[in-house]
Amino acid sequence: MFTPRWIQLFAASSRAMVVALAIALAMFVAPVSYADPAAPETSASGVHGMVVSESDDAAHAGVEILKQGGNAVDAAVATALAVGVTNPAACGIGGGGFMLIYMAKARAFYALDYRETAPLQARPDMYMRNGKPDEDLARDGILGVGVPGEIAGIDAALRRFGTMKFQQIAAPAEKLAGEGYAASPHLAKEIGMLAPKLKNDPGLAQVFLKPDGSAPQAGDTIIAKNLAATLKSLGDDPVANFYHGEVAAALVEFMKAHGGIVSAADLANYRPEWRDPIHHRYEGYDVYAMPPPSSGGVVLEMLGALDSGHLAGLGVNSPPYLARLIEVMRQGFVDREQYADPSFVGVEIQKLLTDSNILQLRERALHPKKSPPPPAAHDHGTSNLLVADKAGNVVALTTTINTVFGAKVSVPALGLILNDEMDDFAVAPGVPNAYRLEGERANEVRGGKRPLSSMSPIIVTKNGAPVMTSGGSGGPTIISGVLQVVLNILAFHLDATSAVNEPRIHEQAAPDVVIVEQAMPAATRSALEQMGYKLKVVPELGAVGAITIAPAKFRGAADPRKGGGAVGY
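Under my numbering, the first residue of the sequence shown carries the number 97, and numbering increases by one thereafter.
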């Protein structure tokens, strides 16, 4: 059994005496909720359905579609389009994502990959200048742009499982863009931080900055009429226009004029990929996730390494629990280096999820490999949404333009913000990206290839029925955040709101430092430091949403770290 072996090895480690002290210190440390109880809009209950989004307006757009008779896929697409309008720093039709779908009638899971691809002209040395890699070229500017997959992906989902036409579903997003929406505190903050860069792009400056160049305040109205017109122009056959028609022509013309390499052939050849979902057992539950190039398998590996660990007996966010979590996270991120686009690299995902490999990860977690500590970074250029409907269908969707405001470049005539997804490739071996994740050869740039992603939407079932779903945003903190929220619900039996609100940690092997939210009790942080861990305290770590599902009872929670909404009916 796992627990006796773990305890036996753990007790033999050099930290055992300190852990015993930490347990004693932690016995009187009560769990601290991260959330402000005065923010009820981030949690809700419902009997017919539930939508959780990082935008309250978008969550209401999804519920509007459910009330009109749409299913979870219809509502997820409506929410995705609306969040692309109201959370434009994080996502939009200039980006791409992943959609994990459970259809109750078929009792089956489906995984849709509409991740951006590298332009056909892309090559491994395209970011080398004077013999040295210049990672900024992949991060800001026209050379960072990958081929958008958002429209192709949501259209594929609608055609296979939806019940409504694209324009009916896009109507809430078109209205928000054309008539305006109130800037959330999170968006206003991001615009303020990026204002100097936004000023350099005419389209971004016109929409998101005031005439004097200053940033809007929370609550100020933002209008994106050109984006509304673009959404309207897509009609009920959005792929035809976006990838072959007038939108495609305008996008390619813009690329040519500004030195970009996304071509008409790139757009015409783009296809979303239906992939086989992956899953693993945890404490009697079946956890389903997206396969590579998503990092869903990393979450499954980590859960497997913690299975049968009797975590509840340790206490949520207790030092001994967090010590286990840290070591498992570190080793999980080491395994992540093997993940890449399976169309280009043989990713042995089923081998990584075998009991023998997970047992090895469990053992390696007790003897971590140290790495030099470069500075850490976290970002929120991604948005997650979750939908559950009365028929039992569930969708977990994560969408992104990568870092905040993507490439910091827009196509003004289209109102289209372009992604900087090329930064998720390995610019060069050993060169970290914006999230301090170092690239490996498996993830090097190739034309038509999809970059490795941290996005990890999951759906959990018990006895064949969905019981929860979760996903997050925030670069690599998506992986650790989703892991902790899932454990908070499945192992510690917290409700959705409490599970999301608990303070979190993050460890990604390089840098070899544990990032801890400041809401974590000081006594807990001190105990971890006494164990020998180097901590970096930050205000917050990413954003994770969750829905728990029972017959005629949905509980949803958006993350107060980023705001948003949970709307049930």
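No residue lacks a Cβ here, since even glycine has one placed at the ideal position from N, Cα and C.
Based on Cα-Cα distance, which residue from the options lies nearest to residue i?
i	options	result
P438	Y381, Q302, A538, V505	A538
L323	K486, D608, I189	I189
V563	N597, D608, L482	L482
G568	I161, S139, V596	V596
D372	P508, Y206, A154	Y206
L208	D251, N183, A561, L216	D251
M398	A154, P617, Q604, V159	Q604
S139	A592, V159, L510	A592
N167	P215, N365, V490	V490
G165	V443, K658, G400, I265	I265
S594	E625, T644, T317	T644
A623	L283, A484, L418	L418
A269	F588, V581, F440, D152	D152
I601	S550, N498, A487, E423	E423
V441	N413, G488, P389	P389
K261	M289, A174, K486	A174
E444	Y223, A353, G180, P387	P387
A619	R420, P416, A484, L347	P416
D519	P229, G664, K163, E369	P229
Compute every distance between the C-beta of residue i and the non-hydrogen atoms of the ligand SAM, then say whether any falls below 7 Å.
i	result
A324	The ligand SAM is absent from the structure shown, which contains no ligand whatsoever.
What does DSSP give as the partner residues of residue i in its beta bridges?
i	result
S414	DSSP output for S414 lists no bridge partner at all.
G664	M146
Y381	Y378
P562	T557
M351	DSSP output for M351 lists no bridge partner at all.
G641	G567
M199	A204
D209	F194, E369
Y277	I318
Go ahead and label residue i buried or exposed: buried means 16 or more other beta carbons lie within 10 angstroms of its beta carbon, across all protein chains shown.
i	result
R211	buried
P307	exposed
S452	exposed
Q313	exposed
V523	buried
R651	buried
N183	buried
P647	exposed
G191	buried
P468	Confidence is the limiting factor: at P468 the pLDDT is only 39, short of 50, which leaves the residue's position unreliable, though a coordinate-based value still follows. It counts as exposed.
A218	buried
G227	exposed
D221	exposed
A134	Here the model assigns A134 a pLDDT of 39, short of 50, so the residue's position is not dependable, and the following value carries that caveat. So A134 ends up on the exposed side.
R256	exposed
P136	Per-residue confidence for P136 stands at a pLDDT of 39, beneath the threshold of 50, marking its modelled position as unreliable; the derived number appears in the next sentence. Exposed.
P470	Any reading at P470 is ruled out, since the residue's pLDDT is 35, under 50, leaving its predicted position unreliable.
T317	exposed
H376	buried
A116	The pLDDT assigned to A116 is 33, lower than 50, so where the model puts this residue is not dependable; a value taken from the coordinates is nonetheless given after this. Label assigned to A116: exposed.
E540	buried
R235	buried
Q673	For the chain, the structure presents residues 97 to 665; residue 673 sits outside this window and is missing.
Ignore the nearest five residues each way along the sequence and tell me which others in residue i's own chain have a CB closer than 8 Å to its CB.
i	result
N296	K504
A287	A quick correction: the sequence has Ile, not Ala, at residue 287. Excluding positions up to five away in sequence, the list reads A185, A279, L294, F304, L305, A311, P312.
G511	A273, G299, V303, A320, K321, N322, L323, A324, A325, T326
D586	For the sequence presented, residue 586 should be read as Leu rather than Asp. For L586, where only same-chain residues beyond five positions count, the Cβ hits under 8 Å are Y378, E379, Y381, V556, M564.
G309	A291, K295, A301
K558	G380, Y381, D382
L637	H474, G570, T573, S576, G577, R600, I601, H602, I611, E613, R657
Counting only the same chain and skipping the five closest in sequence on each side, list residues whose C-beta sits under 7 Å from that of residue i.
i	result
D132	Residue placement at D132 cannot be trusted, given a pLDDT of 40 that sits under 50; what the coordinates show is reported in the next sentence. Here the set comprises P656.
G315	A278, A279
R203	G560
A344	F338, A360, L363
L283	N183, A185
Leaving out five residues on either side along the sequence, give the residues of the same chain with a beta carbon under 6 Å from the beta carbon of residue i.
i	result
N480	T494, G567, G568, S569, G641
Q427	L457, R460, A461
A126	For A126, the pLDDT reaches just 32, beneath the cut-off of 50, and the residue's location in the model is therefore unreliable, leaving the point undetermined.
V143	A648
T478	A186, T496, S569
L177	A266, A269
V430	A605
So, is the C-beta of residue i closer than 8 Å to a C-beta in chain D?
i	result
Q434	Absence of chain D from the displayed structure is noted, only one protein chain being present.
*Inter-stretch contact at 8 Å, needing at least 3 Cβ pairs: the stretch 406 to 416 / the stretch 555 to 574*: Under the 8 Å Cβ criterion, the stretch 406 to 416 does not count as touching the stretch 555 to 574, having fewer than three qualifying pairs.
*Would you check if there are 3 or more beta carbon pairs closer than 8 Å linking the stretch 389 to 398 to the stretch 227 to 244?*
With the cut-off at 8 Å, the stretch 389 to 398 and the stretch 227 to 244 do not touch.
*asked:* I want to know whether the stretch 317 to 331 touches the stretch 260 to 275 - three or more CB-CB distances under 8 Å.
replied: Yes, they touch.
*Are the stretch 430 to 437 and the stretch 542 to 552 touching by the rule of at least three beta carbon pairs closer than 8 Å?*
Touching, yes.
*May I ask you to verify whether the stretch 140 to 153 touches the stretch 453 to 460, counting CB pairs closer than 8 Å and requiring at least 3?*
These segments do not touch.
*Stretch-stretch touch, CB-based, cutoff 8 Å, three pairs: the stretch 343 to 357 with the stretch 231 to 241*: Result yes; three or more Cβ-Cβ pairs closer than 8 Å.
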